[in-house]
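All remarks here apply to the structure that follows.
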Amino acid sequence: MSEKGKFDGNCNRTACQVPIAGENWFNTSTRAYYCTACARSINRSALRFDGVEICKAVDSPDHQPPFPWEEMNRVRAAREAAIAGGRI
């Protein structure tokens, strides 16, 4: 059975799939685990597009954080207010 994207398995990114050694990053969108390098790359993109990080470091498969909808909605509302107010 494949260990891709599983806790303490291999990184879920197809181009990577390195064994996750100790630091498991849970992607709240794909609901899978990533290595540190890929999680940081995903978070950089998510911050640029949505204003929030979607990969969270976890220490147990029982701790899977939810998708950050509320945080994303706050960021989106602040952006829209800045645009409407001519600050962007």
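Numbering (the numbering used here), first residue to last: -18 to 69. Cβ coordinates follow ideal geometry from the N, Cα and C atoms, glycine included.
(message) Counting beta carbon pairs with one atom in the stretch -11 to 1 and one in the stretch 25 to 32, are three or more of them shorter than 8 Å?
(response) No, the stretch 25 to 32 is not in contact with the stretch -11 to 1.
(message) Spatial neighbours of LYS37 within its chain, please: C-beta separation below 6 Å, excluding the five flanking residues on both sides.
(response) Apart from the 5 residues on each side of it in sequence, LYS37 sits with its Cβ closer than 6 Å to the Cβ of PHE7 and PRO46 in its chain, given in chain order.
(request) Can you check the stretch 6 to 37 for any beta strand (DSSP E) of at least 3 residues that lies completely inside it and give the ranges in chain order? (result) The qualifying runs are 13 to 15.
(request) Find the nearest neighbour of THR9 within the set PHE(-12), ARG55 and PRO49, judged by alpha-carbon distance. (result) For THR9, the closest of PHE(-12), ARG55 and PRO49 by C-alpha to C-alpha distance is PRO49.
(request) For the alpha helix (DSSP H) containing ALA62, list its first residue and its last residue. (result) In this chain, the alpha helix (DSSP H) harbouring ALA62 covers 50 to 65.
(message) Quick check: what's the CA-CA separation for GLU34 versus ASN24?
(response) For the pair GLU34 and ASN24, the Cα-to-Cα distance works out to about 5 Å.
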